[in-house]
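Residue numbers (the working numbering): 16 to 215. Written out below as C-alpha cells is the structure these notes cover.
Right, dumping it as C-alpha cells:
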C-alpha cells in the first residue's frame, strides 16, 4: 500500500493528500515495517517536499522541516550508523531559512558526530559558515569558508556563492567583481554541471 502511494507521488502532478496519506500510513505502521524500508519510503516523502519547494510552494519548507525533526527523533535518518552529509546540510539549510537559529545550532553541534568521518569536518565547516552568514556574522562565515575543501561540486558552487553574497553585504566591491569574474569562468569551463546548477 505504501509503495502505491509513493508511485502516485512520482506522477507529474501529485496531490498533497497523497503525501499526507503516506506520512500517516508510515507513522501508524512504523513498528511493522523494517527500518531499511522506512528509510527508503521516507526518502520519497522528503523528495516530494523538495520538488514542491523547488516549484515555488514555500508551504512545504515547514512540512519538510517537521518531517526531518520527526525522523531525527525516531532515528530514521541514520543508515549504517551514519547520517549523510547531504541530509545534514538540508536540515541546516531548512532551519536557517525558517529562522530556527537556536535549534539549528544545537542540531549541528550534537549531530556532527553522526556524519561520516571523511566528510565530517567539511560538512560542519560549510554549514557553520552558512549559519554565521544568516546571523550576519560575515567575518566568521568567511573564515569558516576558507577551511572548506572542495571535495564535491556542491562545495565548489555554494562556497563561492556564499562568498559573493558576503562581499556584497560587506560592500567589498573590488573583491566581489574579481570573484564574480572568476566564478563566471569556472561555470563556463567546468564540465558536468547541470543547466539548473549553472542558472542558479
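Note that beta-carbon positions come from the ideal geometry of N, C-alpha and C, so glycine has one too.
**OP:** Report the three-state DSSP secondary structure of residue 151 (helix, strand or coil).
**Re:** In the chain shown, residue 151 corresponds to position 136, counting from 1. Residue state, collapsed to three classes: coil.
**OP:** Look at the alpha carbon of residue 46 and the alpha carbon of residue 17, and state the distance between them as a whole number of angstroms.
**Re:** Within the chain shown, the letter at position 31 stands for residue 46. Within the chain shown, the letter at position 2 stands for residue 17. The straight-line gap from Cα to Cα measures roughly 14 Å.
Original post:
What do you reckon, are the CB atoms on residue 179 and residue 194 nearer than 8 Å?
Top reply: Here residue 179 is taken as the residue at index 164 of the chain shown, counted from 1. Here residue 194 is taken as the residue at index 179 of the chain shown, counted from 1. In this structure, residue 179 lies near residue 194, with their beta-carbon atoms less than 8 Å apart.
Subject >> Among 80, 98, 42, nearest to residue 132 - alpha-carbon criterion >> reply: To locate residue 132, count along the chain shown from 1; it is residue 117. Comparing Cα positions, the closest option is 98.
Original post:
By Cβ distance, which residues of its chain are closer than 7 Å to residue 64, with the 5 residues on each side in sequence left out?
Top reply: Taking the chain shown and counting its residues from 1, the one referred to as residue 64 is at position 49. For residue 64, where only same-chain residues beyond five positions count, the Cβ hits under 7 Å are 75, 78, 79, 82.
Original post:
By Cβ distance, which residues of its chain are closer than 7 Å to residue 70, with the 5 residues on each side in sequence left out?
Top reply: Taking the chain shown and counting its residues from 1, the one referred to as residue 70 is at position 55. Apart from the 5 residues on each side of it in sequence, residue 70 has no Cβ closer than 7 Å to any other Cβ in its chain.
Subject >> Secondary structure of residue 94, DSSP reduced to three states >> reply: Taking the first residue of the chain shown as position 1, residue 94 is located at position 79. Strand, per DSSP.
Subject >> Alpha-carbon spacing of residue 168 relative to residue 118, whole angstroms >> reply: Taking the chain shown and counting its residues from 1, the one referred to as residue 168 is at position 153. Taking the chain shown and counting its residues from 1, the one referred to as residue 118 is at position 103. If I take the Cα positions, the gap works out to 28 Å.
Original post:
Does DSSP put residue 110 in a helix, a strand or coil?
Top reply: What you label residue 110 is simply residue 95 of the chain shown in a count that begins at 1. Residue 110 falls in the helix class under three-state DSSP.
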